[in-house]
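Below: the structure, in structure tokens.
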Amino acid sequence: METGNDAIPRIASGFGGGIGNTGAVCGAVVGAVMALSLKMEQGGMEEYMRLAGVIQEFRNRFEAEMGTINCSELTGLDLTTEEGMNASMESDTAQKVCFPAVGTAYTIVLDLLEEKI
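In my numbering, the protein residues as written are 257 to 373.
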């Protein structure tokens, strides 16, 4: 995908594996929060509070669909270890967990933007 700015794809590259393979918050969730913030945040307290409510709704919907926002819980892997990384690379985790998480986050963001803007 051509963005016209090579910083766009690079800025999110550390989100994989739950923020740098720590198993923390799923990178799809972090990216979704960034997208919502970019679209909705206007600098004022009222706008921020509106954004915070939308982010909370995003989290609720994502958790309802995926069960959790945490990478290690989604994947069942400890990506902080070499064994966990190898298991991830040798399995279909990306196809069964990560790609659906990205798709879920994307769909929820689009729905929220349509509903709230």
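C-beta atoms are modelled at their ideal positions from N, C-alpha and C, and glycine is treated no differently.
- In the three-state reduction of the DSSP assignment, N261 falls in the coil class, being assigned neither a helical nor a strand state.
- Apart from the 5 residues on each side of it in sequence, G283 sits with its Cβ closer than 6 Å to the Cβ of F271, G272 in its chain, given in chain order.
- Restricting attention to G274, E297, I311, the CA atom closest to the CA of V289 is found in I311.
- The beta carbons of G287 and A268 sit closer together than 8 Å.
- In this chain, I325 is not harboured by any alpha helix (DSSP H), its DSSP state being neither H nor E.
- One alpha carbon belongs to G279, the other to D334, and they sit about 7 Å apart.
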